[in-house]
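909 is the number of the first residue of the sequence shown in the working numbering; add one for each residue after it.
Take a look at the structure below.
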Amino acid sequence: MFSTKNESFSLYVQGLFARRRQLLLTEGPHLYYVDPVNKVLKGEIPWSQELRPEAKNFKTFFVHTPNRTYYLMDPSGNAHKWCKKIQEVWRHRYQNHQNSSM
909 MFSTKNESFS LYVQGLFARR RQLLLTEGPH LYYVDPVNKV LKGEIPWSQE
959 LRPEAKNFKT FFVHTPNRTY YLMDPSGNAH KWCKKIQEVW RHRYQNHQNS
1009 SM
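Below is the structure:
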(Lines of atoms letter the chains of each structure in order from A and count residues from 1; the text may use other names and numbers.)
(Lines give C-alpha, C1' and ligand atoms only; values in the text may rest on other atoms or scores of the structure.)
Protein backbone atom coordinates (compact mmCIF):
# COMPACT_ATOMS: atom_id res chain seq x y z
CA MET A 1 0.00 0.00 0.00
CA PHE A 2 1.56 3.29 -1.07
CA SER A 3 -0.09 5.58 1.41
CA THR A 4 0.76 3.68 4.58
CA LYS A 5 4.28 5.10 4.47
CA ASN A 6 3.39 8.59 3.30
CA GLU A 7 -0.04 9.10 4.90
CA SER A 8 -0.72 11.65 2.22
CA PHE A 9 -3.97 13.54 2.44
CA SER A 10 -5.51 14.65 -0.79
CA LEU A 11 -8.42 16.86 -1.57
CA TYR A 12 -10.97 15.06 -3.66
CA VAL A 13 -12.81 17.64 -5.70
CA GLN A 14 -16.33 16.92 -6.88
CA GLY A 15 -18.38 19.61 -8.58
CA LEU A 16 -18.05 22.94 -6.80
CA PHE A 17 -17.02 21.56 -3.41
CA ALA A 18 -13.64 20.21 -2.33
CA ARG A 19 -13.68 17.50 0.31
CA ARG A 20 -10.71 16.32 2.33
CA ARG A 21 -10.03 12.67 1.64
CA GLN A 22 -7.17 10.29 2.22
CA LEU A 23 -6.15 8.58 -1.00
CA LEU A 24 -4.99 4.96 -0.70
CA LEU A 25 -3.15 3.25 -3.54
CA THR A 26 -2.92 -0.54 -3.31
CA GLU A 27 -1.34 -3.10 -5.59
CA GLY A 28 -4.74 -4.76 -6.17
CA PRO A 29 -4.77 -2.33 -7.98
CA HIS A 30 -7.17 -0.03 -6.20
CA LEU A 31 -7.35 3.72 -5.60
CA TYR A 32 -9.62 4.24 -2.60
CA TYR A 33 -10.57 7.55 -1.06
CA VAL A 34 -11.49 7.64 2.60
CA ASP A 35 -12.95 10.26 4.93
CA PRO A 36 -9.93 10.70 7.27
CA VAL A 37 -11.99 11.97 10.21
CA ASN A 38 -14.70 9.29 10.28
CA LYS A 39 -12.49 6.54 8.76
CA VAL A 40 -15.20 5.74 6.21
CA LEU A 41 -14.59 4.53 2.66
CA LYS A 42 -16.15 7.14 0.38
CA GLY A 43 -15.37 5.63 -2.99
CA GLU A 44 -12.91 4.17 -5.45
CA ILE A 45 -11.37 5.45 -8.66
CA PRO A 46 -12.01 2.66 -11.21
CA TRP A 47 -8.95 1.03 -12.80
CA SER A 48 -8.76 0.28 -16.49
CA GLN A 49 -6.17 0.25 -19.24
CA GLU A 50 -7.30 3.80 -20.07
CA LEU A 51 -6.55 5.15 -16.57
CA ARG A 52 -3.97 7.93 -16.80
CA PRO A 53 -2.48 10.10 -14.02
CA GLU A 54 -1.33 13.62 -14.87
CA ALA A 55 0.58 16.03 -12.65
CA LYS A 56 -0.46 19.64 -13.13
CA ASN A 57 2.07 21.04 -10.64
CA PHE A 58 3.69 19.95 -7.37
CA LYS A 59 0.41 19.89 -5.46
CA THR A 60 -2.30 19.21 -8.03
CA PHE A 61 -2.80 16.12 -10.14
CA PHE A 62 -5.53 14.45 -12.15
CA VAL A 63 -6.52 10.84 -12.61
CA HIS A 64 -8.24 10.42 -15.97
CA THR A 65 -10.62 7.50 -16.45
CA PRO A 66 -12.89 6.78 -19.42
CA ASN A 67 -15.95 8.33 -17.74
CA ARG A 68 -14.48 10.95 -15.43
CA THR A 69 -11.46 13.00 -14.44
CA TYR A 70 -10.64 13.10 -10.71
CA TYR A 71 -9.03 16.33 -9.48
CA LEU A 72 -6.73 15.76 -6.50
CA MET A 73 -4.41 17.89 -4.43
CA ASP A 74 -1.59 16.85 -2.11
CA PRO A 75 -0.83 19.79 0.24
CA SER A 76 2.66 18.41 0.92
CA GLY A 77 3.62 18.84 -2.75
CA ASN A 78 3.96 15.18 -3.77
CA ALA A 79 1.71 15.20 -6.84
CA HIS A 80 4.54 13.94 -9.07
CA LYS A 81 5.24 11.07 -6.65
CA TRP A 82 1.57 10.08 -6.66
CA CYS A 83 1.54 10.05 -10.48
CA LYS A 84 4.74 8.03 -10.61
CA LYS A 85 3.42 5.42 -8.16
CA ILE A 86 0.07 5.17 -9.95
CA GLN A 87 1.94 4.65 -13.24
CA GLU A 88 4.15 1.97 -11.65
CA VAL A 89 1.13 0.03 -10.38
CA TRP A 90 -0.60 0.50 -13.77
CA ARG A 91 2.46 -0.86 -15.60
CA HIS A 92 2.74 -3.79 -13.20
CA ARG A 93 -0.94 -4.64 -13.74
CA TYR A 94 -1.33 -4.12 -17.47
CA GLN A 95 2.09 -4.55 -19.06
CA ASN A 96 2.93 -7.69 -17.07
CA HIS A 97 -0.56 -9.05 -17.75
CA GLN A 98 -0.14 -8.51 -21.51
CA ASN A 99 3.32 -10.12 -21.52
CA SER A 100 2.12 -13.21 -19.62
CA SER A 101 -0.76 -13.79 -22.03
CA MET A 102 1.55 -14.03 -25.05
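Ideal placement from N, C-alpha and C gives every residue a C-beta, glycine not left out.
All figures in this text were calculated on a predicted structure; none of them were measured in a lab.
Here DSSP, grouped into helix, strand and coil, assigns Glu952 to strand. Around the CB of Phe969, 16 or more other CB atoms lie within 10 Å, so the residue is classed as buried. Here Glu935 carries a coil assignment [DSSP, helix/strand/coil]. Cβ-Cβ distances below 7 Å link Arg999 to nothing in the same chain once the five nearest sequence neighbours on each side are left out. Annotation for Glu962: the continuous beta strand (DSSP E) segment containing it runs Arg960 to Ala963.
Between Pro954 and Val997, the gap from beta carbon to beta carbon reaches 9 Å or more. The alpha-carbon of Met981 is positioned some 7 Å away from that of Ala987. Gln995 places its beta carbon less than 9 Å from that of Pro961. Here DSSP, grouped into helix, strand and coil, assigns Val997 to helix.
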